[in-house]
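When you line the sequence shown up against full-length UniProt numbering, it's residues 1 to 343, in that order.
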Amino acid sequence: MSAVKYVEKQLPEPGQKKRVAEGVYWLRFPLPFALDHINLWLLEDGDGWTLVDTGFGAGKTRELWQSMFDHALEGRPLRRIVVTHYHPDHIGQAVWLAQHFGAPVYMTDGEWQLTHDLFNQTDAEMDQGQRRLLLAHGVRQARAESLTQRGNLFRGAISGVPTPYQRLAAGDSLTINGRRWDIVVGNGHSPEHACLFRSEDRVLLSGDQILPSISSNISVRKDVPEADPLADFLASLRAFAQLPADTRVMPAHGRPFEGLHMRADKLIVHHEVQLTQVEDACRKAPKTATDLLPVLFRRELDDQQLFFAMGESIAHANHLLATGRVERELEGGVYRFRAFGAG
């Protein structure tokens, strides 16, 4: 499969907007971790703007926003704020911006509920739940302790829970500057991820659901340890592949691109290959999700990467279990996965 076709070669300047389609402007904000940026989308909306996603809930992000109010926003207000999903780089500044402009926040029920639940967990509840999941999947006690003695980092990474909020759901539409944007919901990366599609010129604001050069993290969360988010993600990719082939995709990370069908197919193949590799490893001997990390990740992982990698490893093992390709045994409080035909 050939590479996607990038349609914008030049990145927006810091603190500036870049027009990428009729009434659609690209903002690029820094992030304080390895994935070093997020794309936000500013849509002309009468005498103001609709904003899609808001940036990480950090002081530097807020300072950048303040520097943009008179210049990039041209002194015009945000009329509404759309949040694609609950991750802090997307929802982080939603409450602060909503309060500043008196703008309503739009998001799906599934994303709002998880935001609310995570924000209100105590440090102990957060640490204990994460530790329980890691220990059950083979992380050693000392390592699990070091990874989870962090408290509720989520609460510190967002400016609050949008309350009240305007509900979005699959099949809804928003009229923005006289044009219709359909809400297309994806699953797997998060519970009810909202994307926006403008059919008249085939523009998709895809959030994290479809990215041009990396696969979105697909993790099992501590509150739903038996879940199969990979099945949801793969089904969503197949559904998004039903959009027009010449759709221009505006992702949350990376550059705008064309080649939606090819990219969706490539992501499906990527995960199918990973599933086969995991199944083969579990056929040689029963494996914990920790044992499977070298199968899925061919690089050294720091603490933050290891945390997400464990979620992804469990997700692949759970999918094989749900589809009958492996069985699971519990010994000493630890799950091991065995493929059929293993010795």
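Glycine is no exception: its CB is placed at the ideal position from the N, C-alpha and C atoms. Quick caveat, the model's predicted, so the values are computed rather than measured.
Item, Value
"Nearest-angstrom Cα separation, counted from Leu237 out to Asp53", "21 Å"
"Close-in-space but distant-in-sequence residues of the same chain around Leu20 (CB under 7 Å, 5 per side omitted)", "Note on identity: in this sequence residue 20 is Val, with Leu being the wrong assignment. Closer than 7 Å at Cβ, skipping near neighbours: Glu8, Trp26, Met250 and Pro256."
"Asp127, buried or exposed, once every other Cβ within 10 Å from all chains shown has been counted against 16", "buried"
"CB contact flag (Arg263, Pro229, <8 Å)", "no"
"Residue ranges of each alpha helix (DSSP H) within the region 152-189, 4 or longer", "153-156"
"Terminal residues of the alpha helix (DSSP H) in which Leu114 lies", "Asp109 to Phe119"
"Contact under 8 Å by Cβ, Leu292 with Ala322", "no"
"Buried versus exposed, by CB contacts within 10 Å (16 or more), Met1", "Its pLDDT being 43, under 50, Met1 is placed unreliably by the model, and the measurement read from it follows with that caveat. Counting Cβ neighbours within 10 Å, Met1 comes out exposed, since fewer than 16 surround it."
"Contiguous alpha helix (DSSP H) assignments of at least 4 residues, all confined to the region 192-240", "229-240"
"Sequence-distant residues of its chain with Cβ nearer than 7 Å to Pro12 (five each side left out)", "Lys18, Trp26, Leu27 and Arg28"
"Outcome for residue 355 when other beta-carbon atoms lying within 10 angstroms are tallied against a minimum of 16", "Residue 355 falls outside the range modelled here, since the chain spans only 1 to 343, and no answer is possible."
"Residue range of the beta strand (DSSP E) that includes Val20", "Lys18 to Ala21"
"Cutoff 8 Å; reference Lys222; Cβ partners in own chain excluding five residues on either side", "Gly129, Gln130, Arg132 and Leu133"
"Straight-line Cα distance separating Gly57 from His87", "10 Å"
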